Each structure stands twice: as C-alpha cells, then as structure tokens.
Amino acid sequence: MAYPFSHLFHPFSTDMSFNFKIITLLITGFLLQGCETALDISNVTLRERIVINALLNNKDQVQISVSKSTSIDNKVKPGPLLGAEVTITDDSGNKITCTYNIISEKYEAAIVPIAGKTYSIFVRANGFPDASASLSIPNTAGTKSSMWKDSTSFDSSGFPQGTLTVYISDKKYENNYYRLTIYYYDNVTTEWNVLDPPTTDADIQSQALKTEDGGIVFSDRYFNGMNKEINFLTAFGYGNGTPKFLVVNESLGEEYYKFFKSLDDYKKSGGLFQEPNGVYSNIEHGLGIAAGSSIQRDTIH
Amino acid sequence: MQRNLFFVFLSIFGNQVYSQLPQVSGFIRDDISGEAIQGAIATDSSSFQYTYSNKDGYYNLGVSSGKHTLVFTAAGYQKQRYILDVYNSQELVVQLKKLPLTEADTHSNLHSSINDYRSGYTAPLASQVQNMPALLSVKDPVKFLQYLPGVSGGIEGLAGMYVRGGNADQNLVTMDGLPVYGNGHIFGLLSNFNPDQVRDVQFYRGVMPARYGGRAGSVMDVSTPDGNQYFGQGSFTSDLVNLNINYNGPLNASGTTTASFGMRRSWLDLLFKRPTNGNYLYYNLHDFNGKVVFRPNKKDKIAVWVYNGRDKFGVQFITNEFDSLNVHHEGKETQSIVWQNTLTGVNFSHRISDRHYSQFLVGMARYTYNSPYYADGTITTDTTIDTYILNYKQQIHLTDFIGKANFEYNYNANNSLRYGGELISHNFKPNTISVQYEANNISRLDTIFGKANVQNASEGSVYAEWESNLSAGLKLNAGARLWTFFGKEKTYIRPEPRIFISQLLKDKKALKLGFSIANQGIHQLGSVNGNLPSDVWFPTSKNFKPQQNIQATAGFYEPWRKGIEFSLDLYYKWMNGITDKLYSDDNLPTYNYWESIITQGKGNAYGLEVLMMKKTGSFNGLFSYSYSKSTRTFADLNFGNTFPFRWDRRHKAVIQGVLIASKYVTINFALVFMTGNAVSVPTGKYVTADGSFIYDYSEKNNYRMPMYKRLDLGFTKILRASSFEKSCWGVNVYNVLNFKNPLFVNLQEDSKGKVRAYGLSFFPFVPSVFYRYEF
C-alpha cells in the first residue's frame, strides 16, 4: 500500500524524486571526490638491490635464482646475476657451493632438502652487499592419497561431473599453510597441464589465494587440528578414456605463505586507507624470498 | 645541593605549624548553570598563594588568620573578589560569571601562563570549539586540538591525533575517566565527542602528571556536563551529517539532582527507503550521552552516566534471475558493518575533610566491531532444487572493567598530595569468525574460529604526586606511578617517574621543565597509517613488549597583552616498543596472528612548538607553529635504517581566528600550512619468485608530498538572541581555495611506458550549512 506522502519521506523510492536523487548524488560525490595531482618523483633515486628467490622443497634439488632490481621505468625483466658466489648450509654445518646452470638460469646444488631441517643461503655478488637468508623445510601433513570419482553430480547443463578429493591432516596448536596444484594429463599432447577446478568448499573459496602457476594457497585458519577434505569438481570430458590427475599438495613454511599473501595484497592494493604494500621479503641486505615446503604428489588414474 | 635539600625539607615540615591554619574551601561553579569549573584558580592576594579547583570544582586554600582578599577566576570567566575575615576554617561557594565573548580574558590567562607548572598543556574553552570552522559544519573538539602545535591529524578530514610523533594508539582519550576506543564515527570523520556534551577538555601533548597512565603518549581528558542546577536548558543543531539534541537541568526543586542528555543521529539515511525485498545500501550513526548526578549532601556527589555511539553500514542484494541454461537463481545477501562504543560508569566524590577530597570511579568501556554476512537462496533446474544458507559473522571486541580511586590532600598552603590507583581488567576478542553453512538443509559447517585468541589481561597502578611551592616562584610537581601489566604469559612491572618544575622569571615570564616515563600494555593494529574501525587491540605478551616513552621538555611561557598566552616548548622523546606493520594481512583468526604481521622497534621525536592563544575577545584565536622530526627504526623494515614517521611534518603553522563582527555576526577562519607527509614510493622494480615484475617498496616513507595548505572559512548569523533563547545559522567552507593536498601516491604508466606518480587528495572546496537553536 502506498501512503499519500511517502514519496516525500522516501524520495528515492519514486520516479518523481529523480531530480532530488541526482542532486543528492552530485553533492555527495562532490564532497568526497578524490582529485589526482601529478607528482614529481624524479628525486627518488634508483637503488639497485640484489634479488634472491629460493623456494625449496623436499623433492627437488636446490635451485636459487639471483638477479637484481632495476629502474621503475624498465619494462624488461633483469636477467640473472652471473659470477655470484652462492652457498647453502644445512643446520649441521654442511656447506655446499651452488653452480650456475645456464639452461635454468639458476644457481643449483645437487642436494635435496630434507623435511624438518633448516638451511642458510649466502650470496656474494660484485657491487652488492653480502645477502643472506634462512629457511626451514616443514614436515609433510601426512595426508592420505587424493581420490577422484566420476559422475558424482551433474552440472547445470545436465552433464555428469566428477569429484576430486584432497585430504589434509592438519596438526593442532600450530599455524599451518598449504598449496595445492592440480594437473591433468593430456593424452594427446602427452603433457601435464594445470587444471583449475572449482571447489565446493566454502572455506577454501573464501580464503584461497591463486598463484601464477594455477595453484591455490591457503592457511588452516578454519580447520586447525582437523582432518580436512577438500572437493574439487572436474567438468564433463575429463572422465573420458583413462583420465589421469596429479595432485601436488605442499605444506608451506610461514615465510612461504607470507610471501604469497603479501604478493596477493600487492596485486589487489588500492583503496582509501591502503598504503602501497611491499611484498614480503626475508632476504637480509636484499630482496626476494627464501622459503621451504614439503611436497606430497598423488597421481590418480 | 645541600641548601636546596634544606629548602625542600623546610617547605614540607617547616610549615607544619601552618598546617593547622584555617582553610577556605568550597566549590567554584558557573553562575548560570551551577556546573563545576575545573581548573579555576583561587588566589590569596596577600600571600600570593593559590590553588586550582578539581574536576568537581572543589578547591581548598590554607590562609593565616586575619583579613584576606581572595580572588577567583577561570579561563573564560570574570574574576571575582572576596574580602574575608578568616579565623576559622570556612566554606565559600563561588559562582563565576562568564566573560562576554567580546571581552579578553586577561587574568586567568596571566595566571596559567606563569603559575601553572604544566608545559604542553591546553584546556580549550567550549566556545573555541563551537566557533571553529568545521568540515561539514560538524564541530569537533578533537579537530580543534589538531590546530595545536605538535598535533598531526593524520588522514585529511579525519579526527585522528598523532601527538609529538607518537602513534595514534599512544593517546589516552577518556570521557569522564573511562577510555574511549575506536576512531569515532563515519570511519573517523567525526570523533566520539558530541561538542554539546563536553564540559571541559584537558589536553596534555607532553609530559603527563602521574595521575594518568596506561598510554605512553598524550592525554585527552574530557569531562561531560553534570546538568544545570537551576533551570532546564537545551539546544538543537542540524548540520549536514547530524541532528543533535541536548537537554540538561535539575530533576528536583532544590537542584541537588541534575541530569544531562544529548543525542546525535544522522539524518540522510532517513530519506532512503529500505525495501524488505529489494537492493539497498544505507549508513547511519548515533551517539547518546546520559548522566544523572545526585548530591545527597554538601560532602558527596554521585554521578551515574552512560555513553553509546554506534555506526552501521549495510547492503542488501536480491537475486531472482534465470541464467542462459534456464537455471533459476533466487536468493538474498545482506552484509553490515557495525561498530559501537559503550561506556558506563558510577562516580562517587566524597569530601573527607576540608583538606582531603576523594573520587572513586567504577565503570566499563566496551568497543565492538561486528560484520555479519548472511546469504540464503535456492538454485532450481528442471530436475533439482538446491538450497543454501550461509551465516558468517566477524567479531572484534575489547571490554574493560575499570576501578579508580583518586585522593587529594592539601597539607598546607604550599604542599599538597595527590595519590590513588587504578585497576583495569581487559578482555580481548581480537577476531573471531563464526560460520554456519547449510546446504539442502544439512549442516556442513557450524563453528567459531579464533577462539584461542580470546584472552584476559589486567593492569594495575598506584601513583602519588607531591605538589609544592618550594620557594617564591619555584613550583614542583614530583610524581611517580608504579605500573603493572598482567599479561597471559608474562607480568611487567615498571616504575614511571613524572616530574614538573616551573620557575617564575623576571617580568612575569616562566620557565617550565618536565620529564616523564610512561608505559603502555595494549597495542593497536594499524595505528600508523590511520585507524579503521576494524583495527584490533591486542595485549602485551611474552614476545610482544610494552611500549615505553621517555620524554623531556622545556618551556618558556609569557602572558602577552590583551589576554594572549605565549608559549615556546622544546621536547625530546624516546619511544621503545613502538609498532608498525610488516605487511598487510586480513585479521586472520589464527593464534596470535598479530605477532607475525606487526613488528616492534624504536622511535625518536623532537621539536620546537610555539603557541599564541587568545581564548576570548572580539577577535580571538590562535597561532601555532611547530618544527618537529619524528623517526622510526625497526630491524625488519627499511633494511634496519631509520626512516621518517608517516605523519612526520617538519613544519606546521596554523592561524585560526574568530571575529565577532557585530552582535549578530561572527566570522571565523583557519589557515593551515604543513610540510607534506612522508609516503613510500618505489626505488626500483624486481622479479619475484613467481615471475611477477613488481615495484620495490622496501624503502619506507622516502618521499615527501607537496606542502599541505588549506583555508577554511565560516560565518554565523544570529537570528534571535534573548536571555531565554538564541538561534543562529551558519555556513562553513572547508578548503575554500580548493587546494589539492595529496595523501597517497598512485603510480600509472603513461603511453610511452614511463611511470608517472599522481597524488590522491580529498575534500576539495566543501561548503556546508548548519542551524542551531538554544533555549
């Protein structure tokens, strides 16, 4: 029921109030509008810093990338720093010098880090102060193998879709972080391709960060100390023939998570109260990240 | 040295014989309302001894037997003279008459400049706040304090306070003795203080006396009115944001019971209809002050009071559509953000004897931030119907239960003692998230996250202040506070010396020195860049140390002609355990999440402050200038190198004035110049571990924004003025010259790929109007 004078009290609810609405919006916009002014930042000097990136895990040999930062106007990514002295030392004091691999463009050592151990990285390069960092390889979550079932439900078009289930046994009383990357084996190209299936898990949907290589990173904030079951829906088509999936389930160190979280914040940065955010770095006298993870790989046929 | 000690000894004990001298004591009140006047001065003209009235307006002056001329005055009031024959102790209730606004205050100003031992202390008059030009015409005591030297307001337009280079969480802001948390209304655009519910403000930007504690930086101590004892009076104000209604008066014929009420409510949302089943967006705020005061006899006063301030922002979206595959989606989503401050207290004042006065306070201060999200709906295909309900609620709470006892004992005319203590029980709920998720009527998730962070901590302290006139013109306030913080894992006990010395110089000039150590056991996330309502408070722990400020000050004070108070202050401040963010993060409900995103370090601040203030007169106002430097050093930030504080303003100058042009017209203005604030701009670009090519922001606050400049103008026209009522309207224009004062840097690539920087500024030329009616 419409009251005779309701449009006077609720002018936005009637067409008659259109002019009033426009005027109010204009005034509000006028009051709060932001103005941009060109700033001269030419006096901010370029600081070339050494950049070290070392994401190590318990399955692969050590690879450390060493480069440097460049001018903010430069559109070309700087290449690796050659001739650097790069060493890695485990917590027992065993020190190994890394050698530069021209193909991977990284410094490599023929060792595979061990879960539960701590490693120190030291880099000396001409023109830069000595840089260092330390990282720990966390223990694996000890999960049971992932599973896939076909035709568990139907999509909105009526086609059957499968469910891929990943299990995580989270440890209680500690903050744990995970990264999941799911691959699908393409029988035609005989290659593993990253799959980005949607999850039905509301928790993971709300907090997971997507990484550049198609993985997701999340914390145990909503399932601390619990056995977590995460379901992903695989679309119709993946059930044909002999489908093969690879689930790479990584337990991340806190530094690893901080890096991805701050990178995600950096990419989304903006807003009234937000300062520009630097991406988290734990490199002493340099930039970049040194962090560890433990990998569990499940191949599902 | 020995000689000085002798004088100290003499001043305490040598006057014992005089301690039995007659006392003149009583209350100093406003003659129209009967409201207590805090900080009023009672002076014995013959001996030049003087004392100040306390929060209840109580004073106590020891005099020798005989005829005396006593002079009473207070800032903004006419002085009053009494000639008394004093042979026994006697009570004298003094009622002071307000100075006409056009008349300069030449007496209290002279007194406070040269006799008050406190440097860096300001008590603005209510009229100064009411007559300031204001953004959106909303007068705000916090924004008036931003005019003072050494006070930086932070983000443009907000009621923030960064005092002498300290963080925002270092300010002790109290309303009738209880702490006020949160950043106020509309994300900080207005403070929590209704200007019509502020009786007086005491603001210490430097050394604070031992009676204050719990925060390491400044003090803003606000007292609300008790209510008119003789007749009812009220006001109604409408500005662009609020309707503000206030009433106070006696509740019984004798005026021994009085009450004061005030309420502000935003009105814009009342124009918008909120349909039950439609999309909407709304915002509203209110705050309410209520106080009832009983005076059962001449010795006792009991005040019961409550404050509640709330902001609510909400949206609703309704979905009812078919997608391309003819699937029907129907549902409703609502989300709101509600933050609320509630204070309630009982204050009992008791005059133990003529010389001994006590005040007790029991109260609660609670700050809550809630953000509920609710969604329900159905997804219908030809063959299936799926239903879902999601209930999600984020809660951030801080609740304090507080007990305080304060005593004042006047030993003799030259020595007095204040002592007391306080106990605070904090309950922190830094972030809990409850989630209930139901799909097809089956519960999938029903739990609360972050419960492990809910914890209690308490702090207790005792203090004593000895105030003495050591010799003619030499005044001392030597105090100490023993501060204890009982955290979950560790207890900290720290002594806090607080010393003020003032020496009267030739030609009515005074030199004032101060030294203090202050500790703080609670910290706030995000108090560096500007506060948000969701910024949580968290306690000191084993890994997270208390904040501690050590401050030394020196001031030169001189009353100038026509009621102008001149002061020049120097200060140096060492800050330990100060906080800054390592990186931004959501408020994760993981255990002690703040420890991984906040770091602690050191800070230094020093500066010179000049203040010239004229509180009343046909042309009144202030000029302030400060040169200051505030830096931070953190092992984890800026490669361990020292960097400027975010709100470090090297130079700040303010000219604020009120011109009472005629009986009916008042013009006001404020001109503000400041060095631009420090911001971070990238010094390079680099490739991350995932191959992204990003800016290097590792150098903190390495760029200065252009100089900040702003001129505000205001005009008030009195429509009607009689002894019973007054009405006026006015116009305020904020930033009348439309200066662009950038706060944030935005980087954009131009067509040639070169990175250009743009400063983002707010509040260009903002006109507003208000109307006010008083009766």
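Each protein sequence line maps, in turn, to chains R and U. Be aware that the first sequence starts at -12, since it is given in this note's numbering, and climbs by one per residue. Be aware that the second sequence starts at 444, since it is given in this note's numbering, and climbs by one per residue. For glycine and all other residues, C-beta sits at the position ideal for the given N, C-alpha and C. Please read these numbers as outputs of a predicted model, since none were measured by experiment.
Checklist entry - Within the chosen definition, does the segment 678 to 688 of chain U reach the segment 600 to 609 of chain U through at least 3 CB pairs nearer than 8 angstroms? => result The segment 678 to 688 of chain U and the segment 600 to 609 of chain U do not touch, with fewer than 3 CB-CB distances between them shorter than 8 angstroms.
Checklist entry - Taking DSSP as the reference, what is the three-state secondary structure of residue 949 of chain U? => result Look at residue 949 of chain U here: in three-state DSSP terms it is helix.
Checklist entry - What is the rounded straight-line gap between the Cα of residue 178 of chain R and the Cα of residue 172 of chain R? => result Between residue 178 of chain R and residue 172 of chain R, the C-alpha separation is close to 6 angstroms.
Item to check | Pick from U:1162, U:1059, U:1038 that is closest to residue 1005 of chain U, judged by C-alpha positions | outcome: Minimum Cα distance to residue 1005 of chain U is reached at U:1059.
Next on the checklist: Quick check on DSSP: helix, strand or coil for residue 242 of chain R?
Outcome noted: The answer is helix: DSSP assigns residue 242 of chain R an H, G or I state.
Checklist entry - Does any C-beta atom of chain R lie closer than 8 angstroms to the C-beta of residue 834 of chain U? => result It does not; no Cβ of chain R falls within 8 angstroms.
Item to check | With 16 other Cβ atoms within 10 Å as the buried cut-off, status of residue 9 of chain R | outcome: Only weak support exists for where residue 9 of chain R lies, its pLDDT of 47 falling under 50; the value from the coordinates is given anyway. Burial state of residue 9 of chain R is exposed, judged by a 10 Å Cβ sphere holding fewer than 16 other Cβ atoms.
Checklist entry - Based on Cα-Cα distance, which residue from U:501, U:507, U:528 lies nearest to residue 515 of chain U? => result Minimum Cα distance to residue 515 of chain U is reached at U:501.
Checklist entry - Taking the runs of the beta strand (DSSP E) that are 3 residues or longer, which of them lie wholly in the segment 636 to 692 of chain U? => result If we require 3 residues or more, the beta strand (DSSP E) runs fully inside the segment 636 to 692 of chain U come out as 643 to 647, 662 to 666, 676 to 681.
Next on the checklist: Tell me the residue span of the alpha helix (DSSP H) that contains residue 1038 of chain U.
Outcome noted: Taken as a continuous stretch (DSSP letters only), the alpha helix (DSSP H) holding residue 1038 of chain U covers 1037 to 1040.
Next on the checklist: If you measure between the beta carbons of residue 1099 of chain U and residue 659 of chain U, is that distance less than 8 angstroms?
Outcome noted: No; because the gap between Cβ atoms is not below 8 angstroms, this pair is not in contact.
Checklist entry - Within 8 angstroms (strictly less), CB to CB, does residue 275 of chain R reach chain U? => result Contacts with chain U at 8 angstroms (Cβ-Cβ) include residue 275 of chain R.
Checklist entry - Buried or exposed: residue 281 of chain R, going by 16 or more other Cβ atoms within 10 Å of its Cβ? => result Burial call: buried.
Next on the checklist: So, with DSSP's three-state summary, where would you put residue 278 of chain R?
Outcome noted: In the displayed model, residue 278 of chain R falls within a strand according to three-state DSSP.
Checklist entry - Could you give the distance in angstroms between the alpha-carbon of residue 916 of chain U and the alpha-carbon of residue 483 of chain U? => result Using only the alpha carbons, I get a separation of about 19 angstroms.
Next on the checklist: So residue 673 of chain U and residue 662 of chain U are supposed to be a Cβ contact under 8 angstroms. How far apart are they, rounded?
Outcome noted: No, residue 673 of chain U and residue 662 of chain U are not in contact; Cβ-Cβ is about 32 angstroms, not under 8 angstroms.
Item to check | Three-state secondary structure (DSSP) of residue 724 of chain U | outcome: Per DSSP, reduced to three states, the secondary structure at residue 724 of chain U is strand.
Next on the checklist: In whole angstroms, give me the CA-to-CA distance for residue 134 of chain R and residue 147 of chain R.
Outcome noted: Straight-line Cα distance between these residues: approximately 17 angstroms.
Checklist entry - If you check the beta carbons only, do residue 621 of chain U and residue 808 of chain U fall under 8 angstroms apart? => result Going by C-beta atoms, residue 621 of chain U is nearer than 8 angstroms to residue 808 of chain U.
Checklist entry - With a cut-off of 8 angstroms, does the C-beta of residue 34 of chain R fall near any C-beta of chain U? => result With 8 angstroms as the cut-off, residue 34 of chain R counts as an interface residue toward chain U.
Checklist entry - Curious, which full-length alpha helix (DSSP H) runs of at least 4 residues does the segment 554 to 616 of chain U contain? => result Runs of the alpha helix (DSSP H) inside the segment 554 to 616 of chain U: 569 to 573, 584 to 588.
Item to check | CB contact check: residue 9 of chain R to chain U, cutoff 8 angstroms | outcome: Residue confidence for residue 9 of chain R is low, a pLDDT of 47 falling below 50, so the modelled location carries little weight; the figure read from the coordinates is stated next. At a cut-off of 8 angstroms between beta-carbon atoms, residue 9 of chain R makes no contact with chain U.
Checklist entry - What runs of the beta strand (DSSP E), each 3 residues or longer, lie entirely inside the segment 1119 to 1191 of chain U? => result Those beta strand (DSSP E) runs which fall completely within the segment 1119 to 1191 of chain U and span 3+ residues are 1127 to 1130, 1136 to 1139, 1151 to 1164, 1169 to 1177.
Next on the checklist: Helix, strand or coil, according to DSSP, for residue 711 of chain U in the structure here?
Outcome noted: In this structure, residue 711 of chain U counts as helix in the three-state DSSP scheme.
Next on the checklist: Between residue 298 of chain R and chain U, is the shortest Cβ-Cβ distance under 8 angstroms, so that the two count as touching?
Outcome noted: There is no way to answer for residue 298 of chain R, as the model of chain R reaches only from -12 to 288.
Checklist entry - I think residue 417 of chain U touches residue 947 of chain U, with their Cβ atoms under 8 angstroms apart; what is that distance to the nearest whole Å? => result Residue 417 of chain U is absent from the structure shown; chain U starts at 444 and stops at 1218.
Next on the checklist: I need the DSSP call for residue 1105 of chain U, collapsed to helix, strand or coil.
Outcome noted: If DSSP states are grouped into helix, strand and coil, residue 1105 of chain U belongs with coil.
Checklist entry - When the Cα atoms are used, what is the spatial distance from residue 469 of chain U to residue 537 of chain U? => result One alpha carbon belongs to residue 469 of chain U, the other to residue 537 of chain U, and they sit about 8 angstroms apart.
Item to check | Chain-ordered chain U contacts of residue 272 of chain R [CB-CB under 8 angstroms] | outcome: The answer, in chain order, is 1082.
Checklist entry - Over what stretch of residues does the alpha helix (DSSP H) that includes residue 521 of chain U continue unbroken? => result Here residue 521 of chain U belongs to no alpha helix (DSSP H), and DSSP marks it neither H nor E.
Next on the checklist: Going by the DSSP bridge assignment, what does residue 119 of chain R pair with across the sheet?
Outcome noted: Residue 119 of chain R pairs with R:109, R:271.
Item to check | 7 angstroms Cβ cut-off: residues of chain R touching residue 1198 of chain U | outcome: Going along chain R in sequence order, the residues near residue 1198 of chain U (Cβ under 7 angstroms) are 59, 60.
Item to check | According to DSSP, residues forming a beta bridge with residue 783 of chain U | outcome: DSSP lists U:753, U:811 as partners of residue 783 of chain U.
Checklist entry - Mapping DSSP to helix, strand and coil, what is residue 896 of chain U? => result If DSSP states are grouped into helix, strand and coil, residue 896 of chain U belongs with the helices.
Checklist entry - Taking the alpha helix (DSSP H) that residue 191 of chain R falls in, what are its first and last residues? => result Residues 189 to 194.
Next on the checklist: Would residue 1244 of chain U and residue 815 of chain U qualify as a contact pair, given that the criterion is a beta-carbon distance under 8 angstroms?
Outcome noted: Lying outside 444 to 1218, the shown extent of chain U, residue 1244 of chain U is not represented and no answer is given.
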